[in-house]
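K.L.:
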Amino acid sequence: MTKPGNRTFAAALALVAAAGGTLAIAASPADTIAARQANFKKMGGAMKVIKDELAGGADKAKMAGAAKTIAAVARAQVPLFPKGTGPGAGVKTDALPAIWTDRATFDGHAKKLIAEADKLVMATGTGNAMAIGAQRLIAAGQRETS
Ligand code: HEM
């Protein structure tokens, strides 16, 4: 038999799911920083896949997959900059203090990257190498550390 406590927890999970949200599980600052750094590397790797494909095989599916990775990872980065994960956390990070003193600017950069990454996904869908190359440069140009 399900205990009331479990039912409450299950109901809470259902609510989170219904809201389309993710359940935040507290991670240590070190884990959070490592996760976002790994994500940035992943984005860089996916950018390179597109660059290399444009210079070589121009495999449309490969480029589309890489663009989708960039768009998904860009979104996944948003919650990975909580308070307490800046330079003061005692863990090596290149994140600048401005992220936490001027959040609006940082969020603006993140939003722009997501928008440009989505356009890159659309460009790879067309298979037009010129359009993909141009949009890849624009998306890669969003790189920031603040
Ligand atoms: C396609 C676009 C981008 C690429 C390829 C990219 C790539 C990278 C790479 C390779 C790193 C170094 C990670 C490491 O230390 O191992 C990094 C760090 C960082 N990037 Fe980006 N980045 C991009 C866009 C952005 C945007 C839009 C923002 C801001 C909204 C941003 C903010 C940062 C920050 C704050 C760090 C330091 C993270 C830390 O050390 O904790 N990046 N990025």
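The opening position of the sequence shown corresponds to residue 1 in the numbering used here, with each subsequent residue numbered one higher.
Every residue, glycine too, gets a C-beta built ideally from N, C-alpha and C.
Keep in mind that this is a model prediction, so the values were computed, not measured.
Starting from F81, trace the alpha helix (DSSP H) both ways and give me its first and last residue.
P.N.:
By 1-based counting over the sequence shown, the position of residue 81 is 81. Premise fails: F81 is in no alpha helix (DSSP H) and is neither H nor E.
K.L.:
Taking Cβ to Cβ, would you say G90 is nearer than 8 Å to P97?
P.N.:
As a working note, residue 90 is residue 90 in the sequence shown. As a working note, residue 97 is residue 97 in the sequence shown. Taking 8 Å as the Cβ cut-off, G90 and P97 do not qualify as a contacting pair.
K.L.:
Quick check: the Cα distance between R75 and T124, rounded to an integer number of angstroms?
P.N.:
Locating residue 75 in the sequence shown gives position 75, counting from the first residue. Locating residue 124 in the sequence shown gives position 124, counting from the first residue. Their Cα atoms are separated by approximately 19 Å.
K.L.:
When every heavy atom of the ligand HEM is checked, does at least one fall within less than 7 Å of the C-beta of E144?
P.N.:
Working through the sequence shown from its first residue, we reach residue 144 at position 144. True, at least one ligand heavy atom lies under 7 Å from that Cβ.
K.L.:
Whose C-beta lies closer than 7 Å to the C-beta of P193 among residues of the same chain, with five residues either side of it excluded?
P.N.:
Lying outside 1 to 146, the shown extent of the chain, residue 193 is not represented and no answer is given.
K.L.:
May I have the straight-line CA-CA distance separating M47 from D107, to the nearest angstrom?
P.N.:
Here residue 47 corresponds to residue number 47 of the sequence shown, with the count starting at 1. Here residue 107 corresponds to residue number 107 of the sequence shown, with the count starting at 1. One C-alpha to the other measures close to 21 Å.
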